[in-house]
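For the sequence shown, the tail end lands on 1386 under the numbering used here, and the numbers increase by one without skipping.
No residue lacks a Cβ here, since even glycine has one placed at the ideal position from N, Cα and C.
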Amino acid sequence: NNDTIWKVKTSKTKLPGLTIQSNVYVGTKLVLNNEQQPDGGLLLFPYYECTLLQNEQCVTGSKPTVWLYHKLMKKGNTVAVSSMSRFTVDVDEKSILKLYNTLMK
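Next up, the structure:
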């Protein structure tokens, strides 16, 4: 199985009486098989697909400050978002490897 889930922690943002840190969960998949590209060519190299699964905010501080933060942000600790990117490698006409990132919809 070529699927992996990564937990990425951002640096902490410190405000007076409040600390905010985001934990981002990203699913990655290594795709090994060749597939047809829209221009008719074949992908020569494996590629990664990365999907944003979840973004949670960890807020710490005094209870009144944390409560006020959640009221102002009008949401809880978990933000429902999704995004998918594909990282591919290709060779140009000068035999130079190029890395591409494509946002998939």
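Asked: Closest Cα partner of W1348 within the set T1309, L1299, K1293; Found: L1299
Asked: Beta bridge counterpart(s) of S1303 as assigned by DSSP; Found: Q1338
Asked: Beta-carbon proximity check, C1331 vs N1304, cutoff 8 Å; Found: no
Asked: Integer-rounded CB distance, given that G1308 should sit under 8 Å from L1334; Found: 5 Å
Asked: Nearest-angstrom Cα separation, counted from K1352 out to T1294; Found: 18 Å
Asked: Given V1246 as reference, the closest of Y1306, L1296, L1380, Q1302 once Cα atoms are compared; Found: With the chain covering 1282 to 1386 only, the question about residue 1246 has no answer from this structure.
Asked: Rounded separation between V1409 and Y1381 - CA only; Found: Only positions 1282 to 1386 of the chain appear in this structure, which leaves residue 1409 out of reach.
Asked: Spatial neighbours of G1342 in its chain, beta-carbon cut-off 7 Å, leaving aside the 5 residues before and after; Found: G1298, L1299, T1300
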